[in-house]
Every structure is written in C-alpha cells, then in structure tokens.
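Here the structure comes first, spelled out in structure tokens, and everything after it is commentary.
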Amino acid sequence: GKLARIAPSILSADFAHLARDLDRISNADFIHVDVMDGHFTGNLTFGPGMVAACKRSTDVPLDVHMMVSNPDETIGWYVEAGADMITVHAEASTHLHRTVTYLKEHGVKAGAVLNPATPVGVLEDILPELDMVLVMSVNPGFGGQRFIEGTYAKLDRLQALCQAVGAHPLIEVDGGISAANIEDVARHGADVFVAGSAVFGSSDPAAEVQRLRALAQS
Ligand code: DX5
Ligand code: ZN
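Residue numbering for the sequence shown follows the UniProt record's numbering, beginning at 2 and increasing consecutively.
The structure is reproduced here in structure tokens:
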C-alpha cells in the first residue's frame, strides 16, 4: 500500500516523564500534541510552553491538534513554540482561510479538523489550500475511546470531495486506532494515523509504532 505515517499522541504519555516517553517513540513520523483549553472540550492539557519543551526534546516533527475555542486568536503561540504542523477545528475557527494563510506564510503546515458530526462539505472551498485534513473518529477530549464506525463512509466522502476539487491534502484520522482496525482505516484513504493508548499502552512503544505502520502499509 501507500506510505503510512504514524503520529503517537502524547495525551497517553506520562506527563511527568515526557522526555523519556518522547525518546521511546523516536521512530514516529509525527508527535501528535493535543492542545485542549477546557472549553472547546471538557479536558485541559498543554499550552505553548509544553510545545516548545517538546520541540527541544525531539527531532520528530510536531503535529499540534488545537482543540480550543477561538483558535484564530492563539494560534501564533504555537507557531512561535515551533509547531511543524497545526490543525484547527472547522467548528471553532471563524476565519479558517485567514488562519490557514497565516500558517503557510510562517512556514507551518496547515490542516483543518472535523468533529464526527461535521460534514466534509464545509471544507470544500478551503480544501485546495490545506496540507492536511484531520478526521476525528471519536468525539475529542480523551484518549482510549472507541472508534466510530461511520468514519469509514466519511473518509470515502472526503476522498470523493478531494477528487472533485482536485485537492491532495494528507488525510489524518484520530481516535480509537489500534492494530485491530488500522488496516481498514488505511483502506479508506488515510495517510496519517494518530494512536495514543495503542502506542503508550504497549510495553514497547517503538515496536508498536513499527507494527502499526507495517499494518497500515500492508
Ligand atoms: C482525542 C485526541 C486524540 C487522542 C487519541 O481528543 O484528539 O489525539 O489522544 O487517543 P487514542 O488513540 O487513545 O484514541
Ligand atoms: Zn488529537
């Protein structure tokens, strides 16, 4: 199959041993950093200081997933902190085109995220500008949730839309991904696979990253 990229989510790492846990996944393609503000979702995690600390601690590119209200107001913090890619929720961004343009001007890859209930059609006009689309396969907020099966049909609709407008963003899927379903997710067009509990719940996270990547490419 095509190239698969694995993005372990440090939401499932041990926050008090983050450098150790980052070392354990040095073979990952991205580090997925779940920024939550206690408002857009019912959980509170990292801010720009943590993103900057991760940047100093790993050479793996940082994929910052902003689950915050009004991301257009605070996105600059994460650009300054060294994010390599930033995704903002379509539901939360009032000026998505402006925000995406801003990211690209600052040399940061730009992505838009869709919650499970948000239709792919809302991205139609911005799709050609996006480096990545992140499809949530759980309702955001917590690791260890169950993969929503309707995601497969949504990925098919997203692929059709990309084809219709001639856009080629990376497709990332986030939530409930494990060795049990990653082949199916790959078959529906995903390029980037977020995995939190599957990777950090393993006794050998690097081996799990390798196993997931091999399954997704099989
Ligand atoms: C959920 C986060 C995910 C989460 C995934 O709100 O966006 O990135 O860490 O965790 P798992 O892989 O355990 O579902
Ligand atoms: Zn995430």
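Positions of the beta carbon are idealized from the N, C-alpha and C atoms, including for glycine. Note that the structure is predicted; figures quoted are calculated from it, not measured.
Cβ-Cβ separation between S198 and S13: approximately 5 Å, consistent with a contact (criterion under 8 Å). Assignment of H90 by DSSP, reduced to helix, strand and coil, places it in the strand class. Taking C-beta separations shorter than 7 Å and ignoring five residues to either side along the sequence, the partners of D157 in its chain run H189, following chain order.
Your pair L159 and V193 does not check out as a contact, with CB atoms roughly 13 Å apart and the cut at 8 Å.
The ligand DX5 never approaches P206 closely enough for any of its heavy atoms to be under 8 Å from the residue's Cβ.
The beta carbon of H169 lies closer than 8 Å to those of C163 in the same chain, with the five residues before and after it left out. The ligand ZN has no heavy atom closer than 8 Å to the beta-carbon of V61. The alpha-carbon separation between A165 and M37 amounts to approximately 33 Å. Exclusion of the five residues before and after L104 leaves I76, V80, I87, K110, A111 as the residues of its chain whose Cβ lies within less than 8 Å of its Cβ.
Short of 8 Å from the beta carbon of P72, and not among the five residues preceding or following it, lie these beta carbons of its own chain, in chain order: V89, H90, A93, S94, T100. The shortest C-alpha to C-alpha distance from R6 to any of S138, D126, M133, A161 is the one to M133. Along the length of the region 124-172, whole alpha helix (DSSP H) runs at least 4 residues long occupy 152-166, reported in chain order.
T59 is the residue among T59, A187, A217, R21 whose C-alpha sits nearest the C-alpha of G83. One alpha carbon belongs to F148, the other to F16, and they sit about 24 Å apart.
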